[in-house]
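**Q** Please find one structure pasted underneath; my questions will follow.
2 protein chains.
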Amino acid sequence: MKIEKRRRLEAAGWRVGEARDFLELTPGEAEFVEIKLALARRVRELREEKEWSQAEFARLVGSSQSRVAKMEAADPTVSVDLLVRSLLAAGANRRELGRIVGSTRR
Amino acid sequence: MKIEKRRRLEAAGWRVGEARDFLELTPGEAEFVEIKLALARRVRELREEKEWSQAEFARLVGSSQSRVAKMEAADPTVSVDLLVRSLLAAGANRRELGRIVGSTRR
DNA sequence: TGCGAATATGTCCGTTCCGACATATGTTTG
DNA sequence: CAAACATATGTCGGAACGGACATATTCGCA
Chain A
1 MKIEKRRRLE AAGWRVGEAR DFLELTPGEA EFVEIKLALA RRVRELREEK EWSQAEFARL
61 VGSSQSRVAK MEAADPTVSV DLLVRSLLAA GANRRELGRI VGSTRR
Chain B
1001 MKIEKRRRLE AAGWRVGEAR DFLELTPGEA EFVEIKLALA RRVRELREEK EWSQAEFARL
1061 VGSSQSRVAK MEAADPTVSV DLLVRSLLAA GANRRELGRI VGSTRR
């Protein structure tokens, strides 16, 4: 299935390299994946800065430990909405989100 | 229902004023709504810049006219994912998305 | 005013996403 | 080592979201 394949690429991108390196993604789709990866990285960073466990973070943002693990792994079942809402709930603001979304740096 | 109420506030925010002015939204939730509104505005702007009808825009991004109308209206059933994916498909890039997300200006 | 195009609104139903739970794997500390 | 804690992975039932369609409303223009 096509969607499944994309999901595997997406998940693999976290470990292996730049998402855009994988075929069958339009530039827009590749950028979308990279945005998700950037948000996921920031979730982990922010949580570790504050020295929260995933369970604590989950409680804070109204989610569950397993879903936080999936957020940080940029699991395909995690939406940008959830990442953004979680970051906001954890104290990030619009400006910071803008930096995360917009910065090409890694 | 709580979610329904929030949805009404959210929809009303588009017409009436700043989302944060409505009660029962945490700061994070209010910022989330404002991000959605900013993305929705940009969809309309971008589409009108290019002089596309909603139907044309829908075809371009792989959606439908009615859903594009809902995107531009920041309808509660429209996710940030959809807005971001549509903007990317319509030619926006990460940097521009970052500006949209991060800018407090209206 | 009336007609056609564009946009808005409501609904349907299949797909995706989410919190929760169970459980596995990994890490720290006594 | 072993217990306690943290993180990862898989699954499930219900909620949210999406494209599509029908239809209403608004808009432009002759």
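Protein chains in written order, with the working numbering: chain A, 1 to 106; chain B, 1001 to 1106. Cβ atoms here follow ideal geometry from the backbone N, Cα and C, with glycine treated the same way. On a predicted model such as this, the values are computed, not experimentally measured, just so you know.
#1: Leaving aside the five residues before and after residue 1036/B along the sequence, list all residues of the same chain whose C-beta is less than 8 Å from its C-beta, in chain order.
#2: State the CB to CB distance for the pair residue 90/A and residue 60/A, rounded to an integer number of angstroms; the pair is presumed to be in contact (CB under 8 Å).
#3: As a quick exercise: from 1096/B, 1086/B and 1104/B, pick the residue whose alpha carbon is nearest that of residue 102/A.
#4: Quick one: is residue 49/A buried, meaning 16 or more other Cβ sit within 10 Å of its Cβ, or exposed?
#5: Quick one: Cα of residue 32/A to Cα of residue 1069/B, how far?
#6: Going by DSSP, what residue range makes up the alpha helix (DSSP H) through residue 28/A?
#7: Would you identify the three-state DSSP class for residue 75/A, choosing helix, strand or coil?
#8: Can you tell me whether residue 1013/B is buried or exposed? The criterion is at least 16 other CB atoms within 10 Å of its CB, across all chains shown.
#9: Is any heavy atom of the ligand GTP found at a distance shorter than 7 Å from the C-beta of residue 1038/B?
#10: Going by C-alpha to C-alpha distance, which of 98/A, 86/A, 94/A and 39/A sits closest to residue 56/A?
#11: When you compare the CB of residue 37/A with every CB in chain B, is at least one pair closer than 8 Å?
#12: Return yes when the Cβ of residue 1028/B is within less than 8 Å of the Cβ of residue 46/A, no when it is not.
#13: Let me make sure I understand the geometry here. Which of 25/A, 26/A, 24/A and 42/A has the alpha-carbon closest to that of residue 98/A?
#14: Using a cut-off of 9 Å between C-beta atoms, extract the partners of residue 97/A located in chain B.
#15: In chain A, what lies closer than 7 Å to residue 1079/B by C-beta?
#16: For residue 25/A and residue 34/A, I'd like the C-alpha separation in whole angstroms.
**A** Quick look at the numbers:
#1: 1010, 1074, 1078, 1080 and 1083
#2: 6 Å
#3: 1096/B
#4: exposed
#5: 22 Å
#6: 27 to 49
#7: coil
#8: Unreliable positioning characterises residue 1013/B in this predicted model, as indicated by a pLDDT of 47, which lies under 50. The coordinate reading is nonetheless provided below. It counts as buried.
#9: Looking at this structure, you won't find the ligand GTP or any other ligand, since it has none at all.
#10: 86/A
#11: no
#12: no
#13: 42/A
#14: 1031, 1035, 1098, 1101 and 1102
#15: 79 and 81
#16: 12 Å
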